[in-house]
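Trainee: Can you read through this structure? Questions will come right after.
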Amino acid sequence: MPVEPNQVVASMADLLARSIGAAVTVELDLADDVWRAMVDPTQLEVVLLNLAINARDAMPSGGVVRIATRNLAAVPDALTAELNPGAYVSIEVADTGAGMTPAVLARAFEPFFTTKGQGKGTGLGLAQVYGFARQSGGTVRIVSAENEGTVITLYLPRTTEVADPVAIERLAQATGSRQRILVVDDDNDVRGVAAQMIEEIGYQVVAAASGSEALTEFGRASFDLVLTDVVMPGMSGVDLARRIRAVAPAMPLLFASGYADVATFGDELAAETVLKKPYRIGEVAARIGDALSAESTQ
Ligand SMILES: Nc1ncnc2c1ncn2[C@@H]1O[C@H](COP(=O)(O)OP(=O)(O)OP(=O)(O)O)[C@@H](O)[C@H]1O
Ligand SMILES: [Mg+2]
Numbered sequence: 007m008p009v010e011p012n013q014v015v016a017s018m019a020d021l022l023a024r025s026i027g028a029a030v031t032v033e034l035d036l037a038d039d040v041w042r043a044m045v046d047p048t049q050l051e052v053v054l055l056n057l058a059i060n061a062r063d064a065m066p067s068g069g070v071v072r073i074a075t076r077n078l079a080a081v082p083d084a085l086t087a088e089l090n091p092g093a094y095v096s097i098e099v100a101d102t103g104a105g106m107t108p109a110v111l112a113r114a115f116e117p118f119f120t121t122k123g124q125g126k127g128t129g130l131g132l133a134q135v136y137g138f139a140r141q142s143g144g145t146v147r148i149v150s151a152e153n154e155g156t157v158i159t160l161y162l163p164r165t166t167e168v169a170d171p172v173a174i175e176r177l178a179q180a181t182g183s184r185q186r187i188l189v190v191d192d193d194n195d196v197r198g199v200a201a202q203m204i205e206e207i208g209y210q211v212v213a214a215a216s217g218s219e220a221l222t223e224f225g226r227a228s229f230d231l232v233l234t235d236v237v238m239p240g241m242s243g244v245d246l247a248r249r250i251r252a253v254a255p256a257m258p259l260l261f262a263s264g265y266a267d268v269a270t271f272g273d274e275l276a277a278e279t280v281l282k283k284p285y286r287i288g289e290v291a292a293r294i295g296d297a298l299s300a301e302s303t304q
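To get this note's numbering, take the position in the sequence shown, counting from 1, and add 6.
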């Protein structure tokens with residue numbers, strides 16, 4: 007749908023600042039009267055979050071992330087082979103971090119390519135950014151050099167269509183109404199962080215400290231998704247899932263595990279989505295979005 011890039015960026019500023027921590031400053035450089043772009047607004051948010059988190063990871067001792075929006079009346083010369091003629095909007099995320107070597111730069115968009123340690127990065131962030139840009143009829147470019155920071159620019163086609171007020175309302179309801187998510191983890195800190203992150207993404211959260219507490223909550227209200235830790239004393243996440251599925255067979259479930267190798271949990275989880283702990287906000291947002299949209303298209 008037609009989306010106001012400045013509005014999306016501005017509305018995310020707080021979330022971005024909180025997700026990337028105090029050592030990194032977020033600066034906005036939003037041009038006046040930026041045109042609308044034809045994109046999926048939720049996906050745009052996830053993409054910007056992914057880019058901001060990459061920037062944070064590249065600046066372990068702090069720095070600046072600058073998000074800039076611009077109107078482009080015509081396709082820049084360097085992109086004419088890739089983009090249809092017309093007007094575009096650019097959204098640029100620049101950081102003052104470590105930058106990329108030519109070897110990393112060459113593979114950065116590749117799915118599963120990551121330089122982050124085991125259990126830290128999935129290497130899907132930039133692949134998702136690329137997929138989003140291409141699906142939207144645009145593209146994305148990286149300019150980066152070692153120790154010279156990174157600039158990632160999304161080019162999105164302009165639309166002159168006006169957002170349908172009904173669609174906006176529906177979106178506000180979907181993100182604002184806020185589907186309800188039951189978050190289960192026996193660790194108070196982990197549960198607190200997860201609940202806060204998921205609330206920031208725009209969902210309503212009920213947190214439970216054990217499988218049995220979760221079942222009580224589950225009986226008390228209706229939920230759209232359950233996110234549970236796998237290893238918990240008493241009832242494990244897998245046992246909890248089995249009990250929930252017994253009464254609600256279609257309930258979307260996400261498992262969270264701190265273990266690198268979830269294969270050790272057996273076939274039970276083979277077909278389920280497992281999030282690696284510590285939670286990464288971009289990934290949490292993406293997996294919840296996937297699980298809820300898979301559910302709604304069934
Ligand atoms: N802003 C950046 N500065 C420096 N290097 C970056 C930046 N963004 C991405 N990279 C490099 O590109 C690689 C791939 O990025 P991508 O976002 O696809 O995966 P990831 O960040 O490693 O994992 P995930 O996004 O799943 O957490 C990173 O591992 C990193 O080496
Ligand atoms: Mg990433």
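All C-beta atoms in this analysis are idealised placements derived from N, C-alpha and C, irrespective of residue type, glycine included.
Sorted by chain position, which residues of the same chain lie with C-beta nearer than 7 Å to Ala-37's C-beta, five sequence neighbours on each side aside?
Mentor: Here the set comprises Thr-75, Arg-76 and Asn-77.
Trainee: Helix, strand or coil: which one does DSSP assign to Val-189?
Mentor: strand
Trainee: How would you label Val-163, buried or exposed, when you count the other beta carbons within 10 angstroms and need 16 or more for buried?
Mentor: According to the sequence displayed, residue 163 carries Pro and not Val. The residue is buried, with at least 16 neighbouring Cβ atoms inside 10 Å.
Trainee: Please report the residue range of the alpha helix (DSSP H) in which Pro-11 lies.
Mentor: 11-26
Trainee: To which residues does DSSP link Gly-347 through a beta bridge?
Mentor: Shown here, the chain extends from 7 to 304; a query on residue 347 therefore has no answer.
Trainee: When every heavy atom of ligand 2 is checked, does at least one fall within less than 8 Å of the C-beta of Leu-111?
Mentor: no
Trainee: Less than 9 Å separating the beta-carbons of Ile-204 and Val-232?
Mentor: No, the pair does not count as a contact, with Cβ atoms beyond the cut-off.
Trainee: What is the DSSP secondary structure of Glu-205, counted as helix, strand or coil?
Mentor: helix
Trainee: My guess is that Asp-192 and Ser-216 are in contact by the Cβ rule of under 8 Å, so how many angstroms apart are they, rounded?
Mentor: Contact flag correct, Cβ pair sits at about 6 Å.
Trainee: Mind checking Asn-60: buried by the 16 CB within 10 Å criterion, or exposed?
Mentor: buried
Trainee: Checking the sheet assignment: what are the DSSP bridge partners for Leu-162?
Mentor: Beta-bridge analysis with DSSP links Leu-162 to Val-95.
Trainee: Please determine, among Asp-235, Glu-152 and Phe-138, the residue with the shortest C-alpha to C-alpha distance to Val-146.
Mentor: Phe-138
Trainee: What would DSSP say about Leu-260, mapped onto helix, strand or coil?
Mentor: strand
Trainee: Taking DSSP as the reference, what is the three-state secondary structure of Asn-194?
Mentor: In the structure shown, Asn-194 sits in a helix (DSSP, three-state: H, G or I).
Trainee: How about Ala-84 and Thr-156: do their beta carbons lie closer than 9 Å?
Mentor: no
Trainee: Select from Ala-291, Ile-97 and Ala-79 the residue whose C-alpha is nearest the C-alpha of Val-71.
Mentor: For the set Ala-291, Ile-97 and Ala-79, the Cα lying nearest the Cα of Val-71 is the one of Ile-97.
Trainee: Check the DSSP bridge columns for Leu-78 and list the partner residues they point to.
Mentor: DSSP output for Leu-78 lists Tyr-94 as bridge partner(s).
Trainee: Taking 9 Å as the cut-off, decide whether the C-beta atoms of Thr-234 and Leu-259 are in contact.
Mentor: yes
Trainee: Answer yes or no: do Leu-21 and Glu-206 have a C-beta to C-beta separation smaller than 9 Å?
Mentor: yes
Trainee: According to DSSP, which residues form a beta bridge with Ile-148?
Mentor: Ile-158
Trainee: Would you say Leu-89 and Val-95 are within 9 Å of each other, going by their C-beta atoms?
Mentor: no
Trainee: Starting from the C-beta of Ser-218, find all residues in its chain whose C-beta is less than 8 Å away, skip the five residues before and the five after it, and write them out in chain order.
Mentor: Gly-240 and Met-241
Trainee: Pull the bridge partners of Arg-42 from the DSSP assignment, please.
Mentor: Thr-165, per the DSSP bridge assignment.
Trainee: Check the DSSP bridge columns for Thr-279 and list the partner residues they point to.
Mentor: Thr-279 is bridged to Leu-260.
Trainee: Which of helix, strand or coil does DSSP assign to Thr-48?
Mentor: It is helical.
Trainee: Just checking Ser-150 against ligand 1 - is the residue's beta carbon closer than 8 Å to any of the ligand's heavy atoms?
Mentor: yes
Trainee: Note down the Cα distance separating Leu-111 from Leu-54, rounded to an integer number of angstroms.
Mentor: 19 Å
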